[in-house]
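Going by the numbering used here, the first residue of the sequence shown is number 73, and it counts up by one from there.
Report on one structure; see the data block that follows.
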Amino acid sequence: MTALKEKVARLRQAYAPHEHRPLGGYLVAMGTYAGVTAGIAGLVKATGRPVPERPAPADVVLLAIATHKLSRLLSKDAVTSPLRAPFTRYDKPIGSGEVMEQVRDQGSSTRHAIGELLSCPFCLAVWVATGLTGGLVLAPRLTRLVATALTAVAASDFLQMAYAVAQQVAEGGDHDED
73 MTALKEKVAR
83 LRQAYAPHEH
93 RPLGGYLVAM
103 GTYAGVTAGI
113 AGLVKATGRP
123 VPERPAPADV
133 VLLAIATHKL
143 SRLLSKDAVT
153 SPLRAPFTRY
163 DKPIGSGEVM
173 EQVRDQGSST
183 RHAIGELLSC
193 PFCLAVWVAT
203 GLTGGLVLAP
213 RLTRLVATAL
223 TAVAASDFLQ
233 MAYAVAQQVA
243 EGGDHDED
């Protein structure tokens, strides 16, 4: 076992000699993801749910937008910060109810890897899309309902932002006339 630990330490040092990279934590995260995915697949098989040969384009679009919104909600929203707090540290607000957080480097490499995952909407999107896709097979009506709500919120977000920009342009136009 000592020889294996030495090999792992050498690999870690060779991979990132000047920066801490939690390779062990990444392995745990990848293993967990593989386990979750296998669990969903096993549940689909055990329940005998039919798996579509090709998902409907409308479902792909619905899940894509819902994945975007849920990933941002979980990884950046101020209200969901208690979920990330054990793994991240608050840095600053970044607007639209979102916050920037830094990964906590203290503790285990698994804690660090989870902090990176939970604070990165791009990273978290893989997990969210997998869950929503599994839900589409196991509970399609409920998943479409939840995805529809998330998609509506995402569309609302973009409309809110467009409104704010339009309002700034209109106010800026008033100031130019004075």
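Don't be surprised by glycine CBs; every beta carbon is placed ideally from N, CA and C.
Bear in mind the structure is a predicted one, so any value in this text is a computation, not a measurement.
Between the segment 200-210 and the segment 103-117 there are three or more inter-stretch CB-CB distances shorter than 8 Å, so the stretches are counted as touching.
Look at glutamate 91 here: in three-state DSSP terms it is coil, with no helix or strand label. In the structure shown, the three-state DSSP call for arginine 82 is helix. Take arginine 216, set aside five residues on each side of it, and the residues of its chain with a beta-carbon closer than 8 Å to its own are Asp131, Leu134, Leu208, in chain order. Inter-residue distance for arginine 183 and alanine 101 is about 10 Å (C-alpha atoms, whole angstroms). Around tyrosine 98, the same chain offers Ala185 as residues with beta carbons nearer than 7 Å, after the five sequence neighbours per side are excluded.
With a cutoff of 7 Å on beta-carbon distance, leucine 142 and leucine 210 are scored as not near each other. Contact between serine 191 and valine 175 holds, since their C-beta atoms are separated by about 6 Å, short of 8 Å. Per the coordinates, the alpha-carbon of proline 94 lies some 5 Å from the alpha-carbon of serine 181.
With respect to the 7 Å criterion, threonine 160 and glutamate 173 are classified as neighbours on the basis of their beta carbons.
When rounded, the separation of the alpha-carbon atoms in arginine 82 and glutamine 178 is 21 Å. For aspartate 163, the enclosing beta strand (DSSP E) begins and ends at 160-167. Valine 200: member of the alpha helix (DSSP H) spanning 193-210, first to last residue. Annotation for valine 123: no alpha helix (DSSP H) segment contains it, and DSSP assigns it neither H nor E. Under DSSP, aspartate 149 takes part in a beta bridge, and its partners are Glu170.
According to the DSSP secondary-structure assignment, valine 175 is paired through a beta bridge with Thr160.
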